[in-house]
Amino acid sequence: MASIPCPSCGTDLPPSPQQCPRCGVRLTGPDAVRLWEVDQALARLSSERRALLAVLSAPVTTPAGVAGTGVALSGSTGVAAGATATTPGVAPAGAPQGSAPLQAAEAPRPPHRSWTTQQTLLAVGVLLVLVAGSIALAVAWFVIGRWGQVLVMGGLTALACQTSLVLSRRRLPSSAEALAVVAGGLLLLDASAARRFGLAGLDGLDLHAYTAVSGLLVALVLAALHQRDRRVAAFGVLSLTSASVAWGAVVTAPDQALPAAVLAMLGAALFALLHLALPATLGVVRRAATGPAAGWLVVGSAIAAAVASDVEPGDLRPRAIAADGLLLAVAVLGALVVARVVRVRSTRLGSRAAVRADWTDRWFTGDWRAVGVLAAVASGTAPLAVLGLSVQLPPVAAAALGVLLAAVVVAGVAVRPLRSRVGQLWLEAEAAAAVVASFLATVVHASQPAQACVLAGVAVAAAAVAVLRHPWRAPASGVAAVCAVGATWLTADLVGEATAVLAVAVAGMALVAAALARPRRAEEVSLGAVGAVALVAALADAVSQGVDRPVVVAVLACATLGGGATAVLRTALRPAATAVAVVTGTALAREVGLLVSSYAEWASLALTALVLAGLTAWRRQRPEEPVLGGFAVAVGVAALALGLDRGLPHSTAAAAFLYALAALGTSVPASRRPVVLVAVAAATTATWVELLHADVSTLEAYTLPPAALLLAAGLWSAQLLGRRSWLVAGPGLAVGLLPSALFTAVDDGLVRPLLAVTVAVAVLAVGAWRRWQALVVVGAVAAVVVGITQLGPYAVHLPRFLTFGTLGVALLAIGARYEQRREDARHAISWLASMS
């Protein structure tokens, strides 16, 4: 439901308001009821006026009988059917029953402000007038003299002020605001020029003092003008701007940064007091004073943070300690002020929920903007103060401070029950941020024992939060796990790199075990994720640092055990966990083999591939089957490559043969028959390795075995492959026949060409008989290749007139009988395409 605007200032009102939270106008009582009735009447009249104007603006044909009677004023027009009055306000308590207020959805929204042509012209005019005034001060000063310049500039300033007030009374707000800006700019320009040109000896005054006094006087003049006519908001805004300039001169007067920070925060307090103490007749000056207050608070906090951080680690300095105290004071006082504002607003609006809704809807406007800035600054200054103090303290003291803050968090969580109050959540978040700042200070000190102590304290605090705050259990468990792993690594690293790697691996394994022991709990995912990351980090650290192989073996064993346990106990994660277990297990087997010998390394990889093949057959029709099968092939290929690289031909061939048998056994079910291709590849590898080792050079010794295996596999899987010839017999025939046919080009003997063409013709004949396209195409291609290779040497030695003449006659014959043979070619192509 859309909110309803205030009848005075247009601010969106919360549900059931007693008064406007911005301008303070009361919305209850007899006067409010009468105001609502007047607004209803005005809305109806405005709607009727718009309808009348629309009707009168449309072209109308005047009847003959009415011509010359003038403009019709009654009865000829009316409000359009269905036109309803819109409510500019909210119906207060005690409104008449017969005129129920409109729903919030029908309440008009404040008009969207756009930059009009008039405002553009006014803005350009303001700019030109100010530029002209500056030029007059720079050029005409010595022409008309000092006092002449004073009279001219003073007269122009007074004229601009008076004209702005007159235009405002005449209901010309944009023009009045433009002249007010001109007047304010001229006032500031006059104040600057008076000292610059030494009017009345003002050039002898200190710049900071003169700026402060003149800025304050200009601010008072502009505030008085705004009080005279509160409709001119520019006077109020420029008054605050001039007061800020004056206070800026006060802040920049000291030579040191810490007094400047104190003065800036004092300025924030003064502007806040102006917001509270000024009378309501000052309008914008009173309401907008929170803006400069928030600005000076940010400036003072930034200066104090810079002073607190400008120290050497372990070097206590009084000014830095004072800056830390200033930051802590801002945090405490800011929190108290925000709490006070929320309490007052909740009393005014009826509930804290209404305050939260109002703050959420209008966080960038009005007083809520300043309150938001104050809350943000108060939230950031406490951790900054702790960080600055911890940097100045020795490492042991910084660690003790971090542990103490963590203990405060634990005590606060344990003593106070869980509530949804923002204040309690803010305090706990501030304490946690302070602990983080303390840890960052130990990082600056580069002290591992201190860092380990702080991380241990944070781990305990996060664990306590996870136990006592069930809604935060998942993130708190993750934080506790991360801090525990970090503390473990820092502590173990003091002993040695290998010890640190082992400690992190064991911690990661323990976290994975804890996650597996807490199924369907909030902390399961966070603990398991941190444990997995810890294992990966330990493994990466072990590899990058080059630690001893037994340590790597231990880390891989932890990772394999964790992945295997996850795969068994968590069905949803089984494929991914299986992949992790297979990768780390394979690496573990290789590392164990390397501890013995290079041959043991190869044997471990070869055996791992067989084990994975057996697991693939065992876990058939399960989600992890593709993972196991893919890794079995990959590990088998790696084992064969390693065996050839280490000069183990017979062992490699034996392993390849075993892989072929394993793949063949896996492919026994009809749905797994394509796996037989892996068996063919493995058997071919075994054959080729032995042939290469025996120095066999006959081509057919390498092509016929895989061709026979492919042909057998295709025929065995013919039903599954849909009896398509290119899938059943095409690969085997192509591997067995085409290489021999091509090799006849370099073979001087007669046996291979004769056997090749004989087999090709036989394959062609069988294909034509069985209507298998693959056999026809492969046989025809092989026969043509053999024919060309055998005819080529003789064609070269034929007389040129015979060869060229034969080709010419052939082309003529083809051209003459093209039409006749085209239909025959179509029939041949159709016949070939009709084959399977």
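Numbered according to the numbering used here, the sequence shown spans residues 1 to 836.
We put the CB at the ideal spot given by N, CA and C, even for glycine.
Note that the structure is predicted; figures quoted are calculated from it, not measured.
Asked, Found
"Minimum length 4: unbroken alpha helix (DSSP H) runs contained in the region 443–485", "448–468"
"Contact check, S239 vs A223, beta carbons under 7 Å", "yes"
"Any chain D beta carbon closer than 7 Å to L222", "Annotation note: the requested chain D is absent from the structure, which comprises a single protein chain."
"Neighbourhood of G267 by C-beta distance below 7 Å, restricted to the same chain and skipping five residues each side", "W247, V251 and W296"
"Where D324 falls, given that 16 or more other Cβ within 10 Å makes a residue buried", "buried"
"Proximity of L710 and P731 at Cβ, strictly below 7 Å", "yes"
"Buried or exposed by the 16-neighbour rule on C-beta atoms within 10 Å, applied to Y659", "buried"
"R771 - DSSP class collapsed to helix/strand/coil", "coil"
"L628 vs L612 beta-carbon contact at 7 Å", "yes"
"Residues of its chain near A837, where Cβ-Cβ distance is below 6 Å and the 5 sequence neighbours each way are ignored", "Because residue 837 is not part of the residues shown, which for the chain are 1 to 836, the question remains open."
"Where P383 falls: helix, strand or coil (DSSP)", "helix"
"Closest residue to V735 among L715, P753, L754 and Y702 (Cα-Cα distance)", "Y702"
"Close Cβ partners of A288 (< 7 Å) along its chain, the five nearest in sequence each way excluded", "G236, V237 and L240"
"DSSP three-state assignment for Q256, whether helix, strand or coil", "coil"
"Whole-angstrom distance between A260 and P254, CA atom to CA atom", "6 Å"
"Which of helix, strand or coil DSSP assigns to L13", "strand"
"Completely contained alpha helix (DSSP H) runs for the region 311–349, where each covers 4 or more residues", "318–349"
"Length of the line joining the Cα atoms of F439 and R619", "49 Å"
"Residue closest to L336, alpha-carbon to alpha-carbon, out of V298, V311, A378 and T347", "A378"
"Beta-carbon spacing of V232, A176 below 7 Å", "yes"
"Span separating the alpha-carbon of L699 from that of S667", "29 Å"
"Three-pair Cβ contact test at 8 Å for the region 8–28 versus the region 39–50", "no"
"Among V444, A462 and T360, the one whose alpha carbon lies nearest that of V409", "A462"
"Sufficient close CB pairs (3 or more, under 8 Å) joining the region 498–512 to the region 525–539", "yes"
"Cross-strand partners of P5 (DSSP beta bridge)", "D12"
"Coarse secondary structure for Q392, derived from DSSP in three states", "helix"
"Touching by the beta-carbon criterion (3+ pairs, under 8 Å), the region 597–611 and the region 563–575", "no"
"Other residues of its chain near S16: CB distance less than 8 Å, five sequence neighbours each side excluded", "G350"
"Close-in-space but distant-in-sequence residues of the same chain around L644 (CB under 6 Å, 5 per side omitted)", "T652"
"Enclosing alpha helix (DSSP H) for G185 [first to last residue]", "P173 to R196"
"Straight-line Cα distance separating A662 from T692", "In the sequence as presented, Thr is not what sits at residue 692; that position holds Leu. Those two C-alpha atoms are separated by around 24 Å."
"Sequence-distant residues of the same chain with beta carbon closer than 6 Å to L179, five excluded per side", "A160, T163 and S164"
"Neighbourhood of C9 by C-beta distance below 7 Å, restricted to the same chain and skipping five residues each side", "C20, R22 and C23"
"CB-CB length for V776 against G767, believed under 8 Å", "4 Å"
"Local conformation of L811 per DSSP, three classes", "Because the pLDDT of L811 is 47, which lies under 50, any placement of that residue in the model is unreliable, and the question is left without a value."
"Sufficient close CB pairs (3 or more, under 8 Å) joining the region 298–307 to the region 271–278", "no"
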